[in-house]
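**Student:** Before we start, here is the structure in question, set down as structure tokens.
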Amino acid sequence: MPAFSTLRIDKDPEQPRIARLLLNRPERLNAINDDMPGEIRAAVDWAVADDEVHVIVVEGAGKGFCGGYDLAATAEQHIEHPCQQESAPWDPALDYRTMKRYTEDFMSLWRCPKPTIARVQGDVYAGGTGLVAACDIAVAVDTAQFCLSETRLGLVPATISPYVARAMGARAAHRWFLTAERFDAAEAHRIGFIHEMVPAEALDARVDALATTLAACGPAAVRITKKLVQDVAERDITPALERMTVECIADVRASTEGREGVQSFLNKRKPAWLPAA
Numbered sequence: 001m002p003a004f005s006t007l008r009i010d011k012d013p014e015q016p017r018i019a020r021l022l023l024n025r026p027e028r029l030n031a032i033n034d035d036m037p038g039e040i041r042a043a044v045d046w047a048v049a050d051d052e053v054h055v056i057v058v059e060g061a062g063k064g065f066c067g068g069y070d071l072a073a074t075a076e077q078h079i080e081h082p083c084q085q086e087s088a089p090w091d092p093a094l095d096y097r098t099m100k101r102y103t104e105d106f107m108s109l110w111r112c113p114k115p116t117i118a119r120v121q122g123d124v125y126a127g128g129t130g131l132v133a134a135c136d137i138a139v140a141v142d143t144a145q146f147c148l149s150e151t152r153l154g155l156v157p158a159t160i161s162p163y164v165a166r167a168m169g170a171r172a173a174h175r176w177f178l179t180a181e182r183f184d185a186a187e188a189h190r191i192g193f194i195h196e197m198v199p200a201e202a203l204d205a206r207v208d209a210l211a212t213t214l215a216a217c218g219p220a221a222v223r224i225t226k227k228l229v230q231d232v233a234e235r236d237i238t239p240a241l242e243r244m245t246v247e248c249i250a251d252v253r254a255s256t257e258g259r260e261g262v263q264s265f266l267n268k269r270k271p272a273w274l275p276a277a
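Laid out in structure tokens, this is it:
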């Protein structure tokens, strides 16, 4: 398994079709420092390259899921002595490169061809909401708190906005982006930002059940369906879009996996992508 400084990834020993990506900076609420974006991308690439892995679960160590960007670490990149930061010059070019690197967190999860589940066991702040939103499915404990805190600090939730606004909807984004208020798991569920909220003692069982369900689906079909949702969501229904969807299902029905799935259904047997009993 690959080794990293800010996270761990490995296969579940009891369910090797499930990879678990653990954000592992609990002393900083798993805040995103300069190393984490590249490590998330490398971890996702490793899981994608492993044909045995069908699902990736993203989780956090300790009491919080992710505290957002590590602002102290960001300041240290710009100045030698953080206590002098109020008067020290700021480098916009360095800031651009840093923020561009941070977007790799979200893009690697969003573009991952395998399904991803955010297992939210604690609070989520700022950039951490981008990680949750970039996953396909999000399940949170009912005690989790969420906050897009950027405007309170004179900042904006820019790099996470494409993912979070899609996840919660534009109207909710106006409220929570602008006010920087905290909201609880019940509100996150109501606006669709998380799919389910459960008591802490039920979190693992629910996430495992979802991961097992995903792992039982055709891997190529899941990959194509994930991209299909990204391509068609919130787009106008035009002849070109309709043509694209027809071509998509026609290609899949003619594929090896598509034919195997139909034949296994008709013959009342397991499809070939499932392990033998």
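Using this note's numbering, the first residue of the sequence shown is number 1, and each one after it goes up by one.
In this text, a Cβ means the ideal position worked out from N, Cα and C, and glycines have one as well.
Among Phe177, Ala42, Pro113 and Val232, which has the Cα closest to the Cα of arginine 8?
**Tutor:** Counting from one through the sequence shown, the residue named residue 8 turns up at place 8. Of Phe177, Ala42, Pro113 and Val232, the residue nearest in Cα terms is Ala42.
**Student:** Beta-carbon separation of isoleucine 137 and leucine 22 under 8 Å?
**Tutor:** As a first step, residue 137 must be located in the sequence shown, where it is residue number 137. As a first step, residue 22 must be located in the sequence shown, where it is residue number 22. Their beta carbons are not under 8 Å apart, which means isoleucine 137 does not touch leucine 22 by this criterion.
**Student:** Quick check for students: name the residue ranges of the alpha helix (DSSP H) that lie wholly in the region 31 to 75, counting only runs of 4 or more.
**Tutor:** If we require 4 residues or more, the alpha helix (DSSP H) runs fully inside the region 31 to 75 come out as 36 to 49.
**Student:** What does cysteine 135 pair with, by DSSP beta-bridge criteria?
**Tutor:** Locating residue 135 in the sequence shown gives position 135, where the first residue counts as 1. Answer is none; cysteine 135 lacks a bridge partner.
**Student:** Per DSSP, threonine 116 is paired with what?
**Tutor:** Sequence index remark: in the sequence shown, residue 116 carries index 116 (1-based). Ile56, per the DSSP bridge assignment.
**Student:** Got a sec? Which residues, its chain only, sit under 8 Å from cysteine 248 by beta carbon, not counting five neighbours each side?
**Tutor:** Position 248 of the sequence shown holds residue 248. Within the same chain, cysteine 248 has close Cβ partners Ile224 and Leu228.
**Student:** Taking just the CA atoms, how far does arginine 152 sit from proline 219?
**Tutor:** Numbered from its first residue, the sequence shown carries residue 219 at position 219. Numbered from its first residue, the sequence shown carries residue 152 at position 152. Distance between the alpha carbons of proline 219 and arginine 152 is about 43 Å.
**Student:** If we require 3 or more residues per run, which beta strand (DSSP E) segments fall completely within the region 123 to 187?
**Tutor:** Counting whole runs of 3 or more residues, the region 123 to 187 contains the beta strand (DSSP E) stretches 123 to 125, 137 to 141, 145 to 147 and 182 to 184.
**Student:** Got a sec? Which residues, its chain only, sit under 7 Å from alanine 47 by beta carbon, not counting five neighbours each side?
**Tutor:** Taking the first residue of the sequence shown as position 1, residue 47 is located at position 47. Once the five neighbours on either side are set aside, the close Cβ partners of alanine 47 are Ile9, Ala19, Val53, Ile56 and Lys114.
**Student:** Is the beta carbon of glycine 122 less than 8 Å from the beta carbon of glycine 64?
**Tutor:** Residue numbering aside, residue 122 sits at position 122 when the sequence shown is read from its first letter. Residue numbering aside, residue 64 sits at position 64 when the sequence shown is read from its first letter. In contact: glycine 122 and glycine 64 (Cβ atoms closer than 8 Å).
**Student:** Got a sec, what are the start and stop residues for the alpha helix (DSSP H) alanine 220 sits in?
**Tutor:** Stepping through the sequence shown from its first residue, residue 220 is reached at position 220. 219 to 232 is the span of the alpha helix (DSSP H), which, as asked, contains alanine 220.
**Student:** Checking the sheet assignment: what are the DSSP bridge partners for lysine 11?
**Tutor:** Along the sequence shown, one-based indexing puts residue 11 at 11. Lysine 11 pairs with Ala19.
**Student:** Rounded to a whole number of angstroms, what is the C-alpha to C-alpha distance between histidine 195 and alanine 250?
**Tutor:** Position 195 of the sequence shown, counting from 1, holds the residue named residue 195. Position 250 of the sequence shown, counting from 1, holds the residue named residue 250. Near 30 Å, if we compare the C-alpha coordinates of alanine 250 and histidine 195.
**Student:** I'd like to know if the region 141 to 150 and the region 181 to 195 are in contact, where contact means that at least 3 CB-CB pairs between them fall below 8 Å.
**Tutor:** In short, these stretches touch, since the Cβ pair count reaches three.
**Student:** Do you know offhand how far methionine 99's Cα is from glycine 62's?
**Tutor:** As a working mapping, residue 99 is identified with position 99 in the sequence shown. As a working mapping, residue 62 is identified with position 62 in the sequence shown. Taking the straight line joining both Cα atoms gives about 26 Å.
**Student:** One question on the structure: do alanine 133 and arginine 101 come within less than 8 Å of each other, judged by their Cβ atoms?
**Tutor:** Position 133 of the sequence shown, counted from the start, is the residue given in the question as residue 133. Position 101 of the sequence shown, counted from the start, is the residue given in the question as residue 101. In this structure, arginine 101 does not lie closer than 8 Å to alanine 133 by Cβ.
**Student:** Give a yes or no on whether the C-beta atoms belonging to isoleucine 191 and alanine 172 are separated by under 8 Å.
**Tutor:** Within the sequence shown, numbered from 1, the residue matching residue 191 stands at position 191. Within the sequence shown, numbered from 1, the residue matching residue 172 stands at position 172. Yes, Cβ-Cβ distance for isoleucine 191 and alanine 172 is below 8 Å.
**Student:** If you draw a straight line from the alpha carbon of tryptophan 176 to that of phenylalanine 106, how long is it in whole angstroms?
**Tutor:** Locating residue 176 in the sequence shown gives position 176, where the first residue counts as 1. Locating residue 106 in the sequence shown gives position 106, where the first residue counts as 1. If you take the alpha carbons of tryptophan 176 and phenylalanine 106, they lie about 19 Å apart.
**Student:** Taking the alpha-carbon positions, what's the glutamate 260 to aspartate 45 distance?
**Tutor:** Indexing the sequence shown from 1 puts residue 260 at position 260. Indexing the sequence shown from 1 puts residue 45 at position 45. Cα to Cα, the separation comes out at about 27 Å.
**Student:** Based on Cα-Cα distance, which residue from Glu187, Ala200 and Gln263 lies nearest to arginine 119?
**Tutor:** For the purposes of this step, residue 119 is identified with residue 119 of the sequence shown, where counting begins at 1. Comparing Cα-Cα distances from arginine 119 to each of Glu187, Ala200 and Gln263, the minimum goes to Ala200.
**Student:** Just to confirm, is the Cβ distance from alanine 170 to alanine 140 under 8 Å?
**Tutor:** Working through the sequence shown from its first residue, we reach residue 170 at position 170. Working through the sequence shown from its first residue, we reach residue 140 at position 140. For alanine 170 and alanine 140, no; Cβs fall outside 8 Å.
**Student:** Valine 232: buried (16+ other C-beta within 10 angstroms of its C-beta) or exposed?
**Tutor:** For the purposes of this step, residue 232 is identified with residue 232 of the sequence shown, where counting begins at 1. Valine 232 should be labelled exposed.
**Student:** With DSSP run on the structure shown, which of helix, strand or coil describes methionine 1?
**Tutor:** Position 1 of the sequence shown, counting from 1, holds the residue named residue 1. Three-state DSSP puts methionine 1 in coil, outside helix and strand.
**Student:** Do glutamate 257 and alanine 278 count as a contact pair if the criterion is CB distance below 8 Å?
**Tutor:** Nothing about residue 278 can be read from this structure; the chain reaches only from 1 to 277.
**Student:** Return the chain-ordered list of same chain residues with a C-beta closer than 6 Å to the C-beta of tyrosine 125, the five sequence neighbours on each side being excluded.
**Tutor:** For the purposes of this step, residue 125 is taken as the residue at position 125 of the sequence shown. Cβ within range, chain order: Gly67, Gly68, Cys147 and Ser149.
**Student:** Measure how close the beta-carbons of valine 207 and isoleucine 117 come, nearest whole angstrom, since I'm counting them as under 8 Å.
**Tutor:** The count along the sequence shown starts at 1 and reaches residue 207 at position 207. The count along the sequence shown starts at 1 and reaches residue 117 at position 117. So it is a contact: roughly 6 Å between Cβ atoms.
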